[in-house]
Amino acid sequence: MIENEAYLIRPSISNAIELAIVLVAGIILIWLVPYLSAITTILFFVPFSLLLLGGSWYLFKYESLLVDGLTPVVALFILFVLLVYQKFAREQAQKKQVRGAFAQYLSPALVEQLADDPDRLVLGGETKNMTFLFCDIRGFTPISESFKGDPQGLTKLINKFLTPMTDIIMANHGTIDKYMGDCIMAFWNAPLSDDEHPRHACESALMMQEDLVRVNEQLKVEAEEEGRPFIPIRIGIGLNTGECVVGNMGSQQRFDYSVLGDAVNLGARLEGQSKSYGVTNIIGEITAEAVPDYAILELDLIAVKGKDEAVRIFTMMGGPEEAQKPEYQALRKETEAMLATYKGMQFEESWAHLQKCIELRPDMDVLWDLYTERLEEYRKNPPPPDWDGVFRATSK
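Residue numbers (our numbering): -13 to 382.
Structure follows, in structure tokens:
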């Protein structure tokens, strides 16, 4: 170079250029990495690094200018590694937090879905259309009295009931809200969206009723082995669909992921009415409309305690297979005719349809006795012309 009188020159602004490159490119990396995956960011980083190194080499070889391209590349690479690691650590911490928060509410598979995509989770409260399930043991007092002096035995009994019921709910995409003694509260369509939440809730209810037979058989064997009286577990289930607020609720010291709203309260009230109508489950009108292929029977037009607005209530007698049976179709036809004439104050015609219902399903005696008592009263003492046909419940 000296022989050819060609000298290597380092411009006075070289340091400023190199520093500017690091600052500008570093700011771009800090902005991009949190929003893009590591692979996507590399697609920007590698060509940019090659451009810097290539430009430095070109200036050195052909222009005899010394502008350092390696130092900015190394500095940016270190920054890139730190940013990617920070993002990875933050994501892992977020996944751990999600798993810890929802492991007790959701099935492991749903927890992993939520952990892999936390953006699907909206914390702090949102309004959603959801389906709610309440399941309670009927006649729990006699069962608890059979375990006098053995509280551990009663706890084990409740756990043997709650565990399979919980497994069924979770397997059908449900979220366990809470346990209230011998009662389970669950909901669908949060925190993960579920477009078929009414159907999944109905499937859960029917499966819970079916599995309860197996649970009682197991408990009977255990009672005989322990020499204590066996009292079978009977349950009531309430299902309702409607708008509610879902999110983290509680105090600053402690909170739970839960739901709040009028539709939730109605679901609890429907469970309470199941005993009065002699059925295992009662579902709301919106829930019933979402599963038209199920074997569903209308029960009444009722204003539950604490509400003035009347709602139509139904019971599920089975799934799609049950709905195809001639016995169910005949019962549904007569029940609908009985209710239509009852609401139309045609009480003699309603009485005739009621007798046919009794012949078709004599085991539903609680429901038929309820309408027998009403019709006997109204046949003797008809209600006023403005009677709305609503039964107003006085108990929960």
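C-beta: ideal position from N, C-alpha, C; glycine also.
May I have the straight-line CA-CA distance separating residue i from residue j, to the nearest angstrom?
i, j, result
"Gly375", "Lys329", "5 Å"
"Tyr364", "Gly135", "50 Å"
"Glu203", "Met193", "16 Å"
"Phe66", "Trp43", "23 Å"
"Arg360", "Lys342", "17 Å"
"Met350", "Gly111", "42 Å"
"Asp248", "Thr380", "18 Å"
"Val352", "Thr358", "10 Å"
"Val59", "Leu39", "8 Å"
"Thr411", "Glu271", "Because residue 411 is not part of the residues shown, which for the chain are -13 to 382, the question remains open."
"His183", "Asn158", "9 Å"
"Glu284", "Gly304", "13 Å"
"Thr113", "Ile217", "42 Å"
"Lys293", "Gly228", "16 Å"
"Glu295", "Gly264", "23 Å"
"His339", "Pro137", "49 Å"
"Leu5", "Thr57", "10 Å"
"Arg318", "Arg298", "15 Å"
"Ala323", "Val207", "44 Å"
"Met331", "Cys230", "36 Å"
"Gln195", "Pro368", "39 Å"
"Lys366", "Ser262", "24 Å"
"Arg214", "Asn145", "18 Å"
Rank the options by C-alpha distance to the C-alpha of residue i and give the top, closest one.
i, options, result
"Met116", "Met166, Ile268, Ala157 and Thr273", "Thr273"
"Glu257", "Ala209, Phe300, Asp372 and Leu39", "Phe300"
"Cys121", "Arg318, Glu362, Tyr357 and Gly253", "Gly253"
"Asp181", "Pro215, Ala276, Gln310 and Tyr314", "Ala276"
"Ile7", "Lys293, Ser35 and Tyr263", "Ser35"
"Phe147", "Arg214, Ile123, Lys164 and Met331", "Ile123"
"Val245", "Glu189, Lys319, Asp163 and Gly139", "Asp163"
"Leu140", "Arg200, Glu189, Ile155 and Ala209", "Ala209"
"Ala61", "Glu211, Gln72 and Ile13", "Ile13"
"Glu308", "Glu189, Met156 and Gln72", "Glu189"
"Ala191", "Ile154, Val207, Arg214 and Glu212", "Ile154"
"Leu356", "Asn367, Ile344 and Leu37", "Ile344"
Applying the criterion that 16 or more other CB atoms from any shown protein chain within 10 Å of the CB defines a buried residue, is residue i buried or exposed?
i, result
"Pro348", "exposed"
"Ala187", "buried"
"Arg378", "exposed"
"Gly160", "buried"
"Ile(-12)", "Summary for Ile(-12): the model assigns pLDDT 46, below 50, so the residue's position carries little reliability; its value from the coordinates is reported in the next sentence. So Ile(-12) ends up on the exposed side."
"Phe333", "buried"
"Phe74", "exposed"
"Gly125", "exposed"
"Arg76", "exposed"
"Leu325", "buried"
"Pro312", "exposed"
"Ala176", "buried"
"Arg185", "buried"
"Trp373", "exposed"
"Val32", "exposed"
"Tyr165", "exposed"
"Ile170", "buried"
"Gly167", "exposed"
"Ile408", "The requested residue 408 does not occur in the structure, where the chain is confined to residues -13 to 382."
"Val10", "exposed"
"Tyr243", "buried"
At what residues does the alpha helix (DSSP H) containing residue i begin and finish?
i, result
"Tyr328", "Pro312 to Lys329"
"Thr152", "Pro137 to Ala157"
"Lys342", "Phe333 to Leu346"
"Ala276", "Glu271 to Ala276"
"Asp286", "Per DSSP, Asp286 belongs to no alpha helix (DSSP H); it is in the beta strand (DSSP E), Ala281 to Ala289."
"Lys293", "Per DSSP, Lys293 belongs to no alpha helix (DSSP H) and is neither H nor E."
Excluding five sequence neighbours on each side, which residues of the same chain lie with their C-beta closer than 8 Å to the C-beta of residue i?
i, result
"Leu143", "Ile129, Phe133 and Leu205"
"Leu346", "Glu313, Ala316, Leu317 and Glu320"
Can you name, in chain order, every residue of its own chain whose Cβ lies under 7 Å from the Cβ of residue i, other than the five neighbours on each side?
i, result
"Ser260", "Gly222, Ile223, Gly224, Thr266, Asn267 and Ile268"
"Leu198", "Ile219 and Ile221"
"Pro306", "Asp279 and Tyr280"
"Ile(-1)", "none"
"Pro150", "Asp197 and Val201"
Starting from the C-beta of residue i, find all residues in its chain whose C-beta is less than 6 Å away, skip the five residues before and the five after it, and write them out in chain order.
i, result
"Ile282", "Ala274, Phe300 and Met302"
"Phe118", "Phe173, Asn226, Val250 and Gly253"
"Glu362", "none"
"Thr327", "Glu335 and Ser336"
"Asp286", "Ile299 and Phe377"
How far does the beta strand (DSSP E) with residue i in it extend, from its first residue to its last?
i, result
"Phe300", "Val297 to Gly304"
"Arg124", "Glu112 to Arg124"
"Asp163", "Thr161 to Met166"
"Ala172", "Cys169 to Trp174"
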